[in-house]
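Step one of this worksheet: look at the structure below.
There are 2 protein chains.
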Amino acid sequence: MNAVDKIIDKAEQICLNRGTRLTAKRKQVLAGLIESNKALSAYELIDFCESHYGDTFSAMSVYRILEFLEEEGLAHRLNIANKYVACAHINCGHTHETPQFLICRECSKVREIRITPDAISNLKDNASDAGFMLVTPQFEMSCICKDCAPQQPNL
Amino acid sequence: MNAVDKIIDKAEQICLNRGTRLTAKRKQVLAGLIESNKALSAYELIDFCESHYGDTFSAMSVYRILEFLEEEGLAHRLNIANKYVACAHINCGHTHETPQFLICRECSKVREIRITPDAISNLKDNASDAGFMLVTPQFEMSCICKDCAPQQPNL
DNA sequence: ACGCGATATGTTATGTTATAACATTACGAG
DNA sequence: CTCGTAATGTTATAACATAACATATCGCGT
Ligand SMILES: [Zn+2]
Ligand SMILES: [Zn+2]
Ligand SMILES: [Zn+2]
Ligand SMILES: [Zn+2]
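Taken in sequence, the protein lines are chains A and B. Using the numbering used here, the letters of the first sequence map in sequence onto residues 1 to 155. Using the numbering used here, the letters of the second sequence map in sequence onto residues 1001 to 1155.
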């Protein structure tokens, strides 16, 4: 059983425990997100599934499935990029805290890291001082990854 | 001369100094952003200008003008909201550092605050440890503003 | 095994955000 | 005044996302 299958398997257990179902279609979409190894737009994901699994999805289906996966904590929507990414922590035991996403603006590779509680409370305090209550469930930042850095002019 | 006109006037000087032109159309769009007092999508901005100034823009024009305003530092694109907002610091002397935007997810009101150099270098270090170089010119966070908080269930 | 309600998927249409490509107009330096 | 550049107009289309309703599938109680 390869690494991806293991993650899918874990995802299925998570759904079972929550009383939801990781159907074949949903597995396929989640597998696409995991195997692509980067963030994909819904339409890129459709193409990926078509070319890698020969399975074809309508945009509607993919959006619905992505919504499901996000509710289950198995995928995340990256708002600054209009793309979707598999959760990097499906397989590791720890609870899923407020994530921070480092997104390569060149190749859409993503690192999902944990932000320190300090940093969060700092941000909350700053917002609060300005009369705003922080409700964002995640932080997203545009970056250049190591692989893409060499190709960048003027860095 | 009212407050908005003063800002527009300052914006015009800024453009002059940079060798660019704040044309009548561009002034209109910038005025719309300022007077609306919140973030607007390009299409909302078109409606605003139509209803408040009787001036009609094509989507194409507005996108071009928004691009111009952003290049001149007079407006900002809010990626997490797909909306645009006038810079809150056109009129105050200080240089424009990395901004942090607190965006009300209910009413699109925006506070543009400065993020402390500490906090930035902290974020940069964290990213760097993960093999990513932070290049984001701004930080955006989804919030609830004071006015909208009372209407929120379960807060 | 059967019937039924709930969940999931299929299908078509449409809304929303954004850019491409090319034509025309306005502006300003020489 | 004239010519090149910058700005705007116009039309078409790409890319992202949701609405509304039809059909199929699943799982439970009988
Ligand atoms: Zn995650
Ligand atoms: Zn990269
Ligand atoms: Zn600003
Ligand atoms: Zn609000």
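A virtual CB, placed ideally from N, CA and C, is assigned to each residue, including glycine. Being a predicted model, the structure only gives us computed values, none of them experimental.
With DSSP as the reference, identify every bridge partner of residue i, one or two as the case may be.
i	result
PRO1099 (chain B)	B:ARG1114
TYR43 (chain A)	Partner(s): none; TYR43 (chain A) has no beta bridge.
VAL1085 (chain B)	B:HIS1076
PHE1132 (chain B)	A:CYS145
Provide the residue span of the alpha helix (DSSP H) that contains residue i, from first to last.
i	result
GLU1067 (chain B)	1059 to 1071
LEU1078 (chain B)	Taken as a continuous stretch (DSSP letters only), LEU1078 (chain B) belongs to no alpha helix (DSSP H), being part of the beta strand (DSSP E) at 1075 to 1078.
LYS25 (chain A)	24 to 36
ALA1003 (chain B)	1003 to 1017
Of all the CB atoms in chain B, is at least one closer than 8 Å to the CB of residue i?
i	result
LYS38 (chain A)	no
ARG111 (chain A)	yes
ILE65 (chain A)	no
ALA119 (chain A)	yes
VAL135 (chain A)	yes
ILE34 (chain A)	no
ARG77 (chain A)	no
CYS145 (chain A)	yes
CYS104 (chain A)	yes
ALA149 (chain A)	yes
Give a yes or no on whether the minimum CB-CB distance between residue i and chain A is below 8 Å.
i	result
ILE1008 (chain B)	no
HIS1142 (chain B)	A quick correction: the sequence has Ser, not His, at residue 1142 (chain B). For SER1142 (chain B), the answer is yes, since a Cβ of chain A falls inside 8 Å of its Cβ.
ALA1127 (chain B)	yes
GLY1073 (chain B)	no
ALA1130 (chain B)	yes
ASN1122 (chain B)	yes
ILE1080 (chain B)	yes
Less than 7 Å between C-beta atoms, sequence neighbours within five positions excluded: which residues of the same chain meet that for residue i?
i	result
PHE48 (chain A)	GLY32, SER36 and LEU40
ALA11 (chain A)	LEU22, LEU30, LEU74 and ILE90
ASN79 (chain A)	GLU140
SER142 (chain A)	ILE80, ILE103 and ARG105
GLU72 (chain A)	ILE14, CYS15, ARG18 and THR20
ALA130 (chain A)	none
TYR1053 (chain B)	GLN1028
Over what stretch of residues does the beta strand (DSSP E) that includes residue i continue unbroken?
i	result
ALA108 (chain A)	The question names Ala, but residue 108 (chain A) is Ser in the sequence shown. Note, SER108 (chain A): premise wrong, no beta strand (DSSP E); not H, not E.
ILE1144 (chain B)	1139 to 1145
What residues in its chain sit with their C-beta under 8 Å from that of residue i, if we drop five residues either side in the sequence?
i	result
ALA59 (chain A)	ALA42, TYR43 and ILE46
LYS989 (chain B)	Lying before the first or after the last residue shown, residue 989 (chain B) is absent from chain B, which here runs from 1001 to 1155.
ASN1082 (chain B)	SER1041
ASP1118 (chain B)	none
SER1108 (chain B)	LYS1038, ALA1039, LEU1040, ALA1081 and LYS1083
GLN1151 (chain B)	GLU1106
Leaving out the 5 sequence neighbours to the left and right, which residues in its chain are closer than 6 Å to residue i when beta-carbon positions are compared?
i	result
SER1061 (chain B)	none
ASP55 (chain A)	GLN28 and CYS49
GLU1112 (chain B)	ALA1088, PRO1099 and PHE1101
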